[in-house]
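Enquirer:
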Amino acid sequence: MIPTFLQPFAAELAKYRREKVQITATPRTEHPLSDPLDLKTSKFLGLPFFPESEKYPLDREGQPMLLMAQLNFAEIPHLPGLPKDGILQLYFSVEGWYEEDAAAIYHDKQALESTPMRDFSFLKPSDYEEMPIYKLHTLQFERAIDHGGSEDCQFGFRFGDLDFWEFSEQLTEEQKREFLAYFNAAGHKIGGYADFTQSDPRDYNRGERNDFHLLQIDMDEEIMFGDSGLAHLFIDPESLQNKDFTKAYFYWDCC
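In structure tokens:
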């Protein structure tokens with residue numbers, strides 16, 4: 001429910017509401033290379049679904065990449081503009097993920113009928129030692145709403161003549177807590193507003209300002225990007241419409 005002190009802005013704020021799918025990530029005890037989950041199920045880390053006939057993704061140095069996130073859209077509440085089926089994957093370079101050496105790959109419904117790769121002996125347990133996601137996770141999904149995001153460049157709402165932070169300074173401490181909770185954009189999710197520890201990279205590139213927020217991986221019990229950081233996957237609207245996820249790009253920041 002919207003806080004009482006925001007009621008004068010309620011009608012306009014309603015226009016900024018965004019659907020999202022909140023992700024609950026539950027760590028498992030198995031090493032990612034001993035992943036017992038189905039190859040096609042949604043997960044963080046673990047073994048991916050990958051057609052045996054296709055070339056496994058390599059990083060800029062020609063080394064095999066590691067699956068960080070796998071989203072099976074058939075398991076996920078549908079958001080407008082996103083596929084209803086197929087699998088989206090995010091891969092990281094073992095050595096260069098912190099320099100944003102990452103790749104997004106989409107397998108459509110037809111590709112999911114392919115014979116999957118099952119021999120991942122080219123990956124080593126030591127490859128996972130410096131990954132920002134420490135353990136294999138199962139994922140659960142729930143449709144939800146973001147009301148805004150203080151650091152997202154696409155949330156440009158003004159409270160009268162005041163921006164987000166100027167308005168917050170006019171509030172009591174209790175009101176400020178309610179205010180920040182109402183516009184909280186944290187957590188693992190698909191869609192919605194993006195949260196950042198620093199700033200939104202799209203804000204510095206006019207060509208990216210309208211890019212869609214595909215995925216956010218936040219700090220969690222067994223997940224941390226740098227010092228209390230979080231990670232994102234973005235894509236431009238045209239590529240999203242065409243399901244060309246090769247155009248998606250990875251970004252992360254930390255304190």
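For the sequence shown, position 32 matches number 32 in full-length UniProt numbering, and the numbering has no gaps at all.
Cβ coordinates follow ideal geometry from the N, Cα and C atoms, glycine included.
1) Report the option in 4, 66 and 10 whose CA atom is closest to the CA atom of residue 103.
2) Should residue 213 and residue 13 be called a contact, given that it needs their Cβ atoms to be closer than 8 Å?
3) Within the same chain, show all residues whose beta-carbon is closer than 7 Å to that of residue 120, passing over the 5 residues directly before and after it, in chain order.
4) Check for me: the beta strand (DSSP E) holding residue 231 runs from which residue to which?
5) Mapping the DSSP letters down to three states, classify residue 178 as helix, strand or coil.
6) Would you check if the distance between the CB atom of residue 18 and the CB atom of residue 187 is smaller than 8 Å?
7) For residue 11, count the other beta carbons within 10 Å of its own beta carbon; 16 or more makes it buried, fewer makes it exposed. Which is it?
8) At the level of alpha carbons, what is the spacing between residue 198 and residue 165?
9) List the whole-angstrom C-beta distance separating residue 49 from residue 116, where the pair is believed to meet the contact cut-off of C-beta under 8 Å.
10) Considering residue 11, what are the terminal residues of the alpha helix (DSSP H) in which it resides?
11) Express the C-alpha separation of residue 179 and residue 204 in angstroms, rounding to a whole number.
12) Is the beta carbon of residue 86 sitting closer than 8 Å to the one on residue 108?
13) Looking at the secondary structure, which residues open and close the alpha helix (DSSP H) in which residue 166 lies?
14) Based on the DSSP secondary-structure assignment, which residues constitute the bridge partners of residue 252?
15) Any idea if residue 294 is buried or exposed, counting beta-carbon neighbours within 10 angstroms, 16 or more meaning buried?
16) DSSP puts residue 21 in a beta bridge; with which residues?
17) Check residue 90 in the structure and name its three-state DSSP category.
18) Closest to residue 144 by C-alpha separation, out of 255, 209 and 77, would be which residue?
19) Secondary structure at residue 225, three-state DSSP: helix, strand or coil?
20) Work out the CA separation of residue 196 and residue 250 for me, nearest whole Å.
Expert: Put simply:
1) 66
2) no
3) 33 and 47
4) 230–235
5) helix
6) 8 Å or more divides the Cβ of residue 18 from the Cβ of residue 187.
7) exposed
8) 15 Å
9) About 5 Å separates the two Cβ atoms, so the contact holds.
10) 10–13
11) Take the alpha-carbon of residue 204 and the one of residue 179: they are about 26 Å apart.
12) Yes, these two residues count as a Cβ contact at 8 Å.
13) Annotation for residue 166: the continuous alpha helix (DSSP H) segment containing it runs 164–168.
14) 231
15) Because the chain is modelled from 1 through 255, residue 294 falls outside the range shown and cannot be assessed.
16) 143 and 190
17) strand
18) 77
19) strand
20) 13 Å
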